[in-house]
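Asks: Sharing a structure here in structure tokens format.
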Amino acid sequence: MNHLESNAILFANDNPSFLMYVGILVKRLGYKVYLALDGMEAIRVAKERKPTIIVIDYMLPRIDGTSCLGLIRNDTELREIPIIMLGPEDNNLSKLDIEKMNIQGYLKKPLNVTDFYLAIQKCLRHSIKRRHIRAPLNITVSMNSRGVQKELFASNLSVEGIFLKTAEPYPVGTEMELVLTVDAEDPIELKGMVVSAHRIAAEVQPDTGMGIKFTDIPEDVRYRLYYVVMKELTRDISVGEAGETWLDEAMNID
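Just so we're aligned: the sequence shown equals residues 12 to 265 in my numbering.
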């Protein structure tokens with residue numbers, strides 16, 4: 012394989028439990044994931060798979076994160092792959108230090124989900140970048156447009172919009188009213204507009220349906236949606252079997 016694999020992330024860390032949980036998170040974010048337990052294995056997997064992004068822990072066995080970074084940057088096959096470094100909370104690298112390391116981001120543990128997502132978006136070069144984090148979510152949504160009411164299934168949700176599955180998506184620009192039941196509280200009533208429509212076709216493409224952008228979202232509803240997204244992404248994986256905190260769910264809604 013001599014080309015970068017689309018939307019694939021290689022994560023190198025020496026803790027198997029952390030790798031398991033972060034691997035689940037990466038898949039829920041919509042990316043393929045490869046895992047490595049040390050620096051040498053990370054280089055081997057990177058050469059075999061050519062991931063889109065490599066995330067390296069600062070402290071790795073066999074060769075540490077900075078040495079692994081140096082080997083990757085000196086490899087003609089790998090040197091152009093964006094790299095994110097993951098380090099301990101007390102490792103206060105300056106902006107200049109990060110620039111000298113020639114990395115695209117430096118994140119601290121426990122891994123903040125939103126910061127991780129934004130770092131991924133920064134590294135994507137040829138794919139569609141999304142500002143707001145999304146989560147897979149299977150719920151029924153009531154929609155009303157031009158006096159026609161339907162019940163449709165949703166496949167993912169963000170604070171800005173939702174994707175509804177339908178074989179007959181409405182034209183881009185169609186306005187509608189939506190009612191979402193996302194938690195145990197009262198249903199959320201929102202207005203939205205179709206911003207993308209995917210019809211059935213012979214070639215491989217995104218799910219058939221339509222992307223809806225919410226309009227005029229009250230601030231309290233934005234925070235409620237963000238909370239739902241975070242919970243869906245981190246359910247059953249934010250805390251390890253021994254009580255370790257792997258993921259930071261702190262809100263970063265901007």
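We put the beta carbon where it would ideally sit given N, CA and C, even for glycine. The structure presented is a predicted model; accordingly, all values stated were derived computationally and were not measured.
Measuring only the C-alpha atoms, how far is I248 from F127?
Replies: Within the sequence shown, residue 248 is the residue found at index 237, counting from 1. Within the sequence shown, residue 127 is the residue found at index 116, counting from 1. Computed Cα separation, rounded: 15 Å.
Asks: CA-CA distance, D75 and E52?
Replies: For the purposes of this step, residue 75 is taken as residue 64 along the sequence shown, with counting starting at 1. For the purposes of this step, residue 52 is taken as residue 41 along the sequence shown, with counting starting at 1. Going by the C-alpha atoms only, they are around 12 Å apart.
Asks: Applying the criterion that 16 or more other CB atoms from any shown protein chain within 10 Å of the CB defines a buried residue, is D68 buried or exposed?
Replies: Taking the first residue of the sequence shown as 1, we reach residue 68 at position 57. Buried, by the Cβ-count rule.
Asks: One question on the structure: do I64 and P93 come within less than 7 Å of each other, judged by their Cβ atoms?
Replies: The residue labelled residue 64 in the question sits at position 53 within the sequence shown. The residue labelled residue 93 in the question sits at position 82 within the sequence shown. In contact: I64 and P93 (Cβ atoms closer than 7 Å).
Asks: Going by beta-carbon coordinates alone, are P180 and M154 separated by less than 7 Å?
Replies: One-based indexing of the sequence shown puts residue 180 at position 169. One-based indexing of the sequence shown puts residue 154 at position 143. Their beta carbons are not under 7 Å apart, which means P180 does not touch M154 by this criterion.
Asks: So with Cβ pairs under 7 Å, would you call Y234 a contact of chain D?
Replies: Among the chains of the structure shown, chain D does not appear; only one protein chain is present.
Asks: Could you have a look at D231 and say whether DSSP puts it in helix, strand or coil?
Replies: On the sequence shown, position 220 is the one that residue 231 refers to. For D231, the secondary structure class from DSSP, reduced to helix, strand or coil, is helix.
Asks: Mind checking E171: buried by the 16 CB within 10 Å criterion, or exposed?
Replies: Within the sequence shown, numbered from 1, the residue matching residue 171 stands at position 160. So E171 counts as buried.
Asks: Curious, which full-length alpha helix (DSSP H) runs of at least 4 residues does the region 31-105 contain?
Replies: 50-60, 76-84
Asks: Who does V190 pair with in a DSSP beta bridge?
Replies: Counting from one through the sequence shown, the residue named residue 190 turns up at place 179. DSSP, once it has assigned bridges, lists S153, E200 as partnering V190.
Asks: Ordered along the chain, which non-local residues of its own chain (more than five positions away) have a Cβ less than 6 Å from that of R157?
Replies: Taking the sequence shown and counting its residues from 1, one reaches residue 157 at position 146. Around R157: no qualifying Cβ.
Asks: Tell me the rounded alpha-carbon separation between F174 and N102.
Replies: Here residue 174 refers to the residue found at position 163 of the sequence shown. Here residue 102 refers to the residue found at position 91 of the sequence shown. When rounded, the distance between both Cα atoms is 40 Å.
Asks: When burial is assigned at 16 or more other CB atoms within 10 Å of the CB, is G50 buried or exposed?
Replies: Here the question's residue 50 lines up with position 39 in the sequence shown. Under this definition G50 is a buried residue.
Asks: Give every residue of the same chain whose Cβ lies closer than 8 Å to the Cβ of V183, excluding the five residues on either side of it in the sequence, and list them in chain order.
Replies: Here residue 183 refers to the residue found at position 172 of the sequence shown. If the five residues before and after V183 are omitted, its C-beta is found closer than 8 Å to the C-beta atoms of V205, V206, S207, A208, all from its own chain and listed in chain order.
Asks: Is the number of C-beta pairs between the region 105-118 and the region 18-37 that are closer than 8 Å three or more?
Replies: no
Asks: Quick one: what's L118 bridged to in DSSP?
Replies: The residue labelled residue 118 in the question sits at position 107 within the sequence shown. In DSSP, L118 forms a bridge with L97.
Asks: Pull up the distance between the alpha-carbon of V215 and that of D259, whole angstroms please.
Replies: Position 204 of the sequence shown, counted from the first residue, corresponds to residue 215. Position 248 of the sequence shown, counted from the first residue, corresponds to residue 259. Confidence at V215 is low in this model, with a pLDDT of 49, below 50, so its placement is unreliable and the value that follows should be read with caution. Computed Cα separation, rounded: 35 Å.
Asks: Decide if P62 is buried, meaning its Cβ has at least 16 other Cβ atoms within 10 Å, or exposed.
Replies: Within the sequence shown, residue 62 is the residue found at index 51, counting from 1. Buried, since its Cβ has 16 or more Cβ neighbours within 10 Å.
Asks: With H, G and I counted as helix, E and B as strand and the rest as coil, what does DSSP make of S28?
Replies: Here the question's residue 28 lines up with position 17 in the sequence shown. If DSSP states are grouped into helix, strand and coil, S28 belongs with the helices.
Asks: May I have the straight-line CA-CA distance separating E100 from Y237, to the nearest angstrom?
Replies: In the sequence shown, the residue the question calls residue 100 occupies position 89. In the sequence shown, the residue the question calls residue 237 occupies position 226. For E100 and Y237, the distance between alpha carbons rounds to 25 Å.
Asks: Does DSSP put V183 in a helix, a strand or coil?
Replies: In the sequence shown, residue 183 corresponds to position 172, counting from 1. Reduced to three states, the DSSP call for V183 is coil.
Asks: Have a look at the DSSP bridge pairing and note the partners of G222.
Replies: Here residue 222 refers to the residue found at position 211 when the sequence shown is read from its first residue. Per DSSP, F174, S207.
Asks: Could you tell me whether the Cβ atoms of L21 and Y45 are closer together than 7 Å?
Replies: Counted from its first residue, the sequence shown places residue 21 at position 10. Counted from its first residue, the sequence shown places residue 45 at position 34. Contact: yes.
Asks: Rounded to whole angstroms, what is the Cα-Cα separation between R136 and R235?
Replies: For the purposes of this step, residue 136 is taken as the residue at position 125 of the sequence shown. For the purposes of this step, residue 235 is taken as the residue at position 224 of the sequence shown. Using only the alpha carbons, I get a separation of about 31 Å.
Asks: Give the C-beta separation of F164 and L201 to the nearest angstrom, bearing in mind that I take them to be a contact with Cβ-Cβ under 8 Å.
Replies: Numbered from its first residue, the sequence shown carries residue 164 at position 153. Numbered from its first residue, the sequence shown carries residue 201 at position 190. Not a contact, Cβ separation roughly 17 Å.
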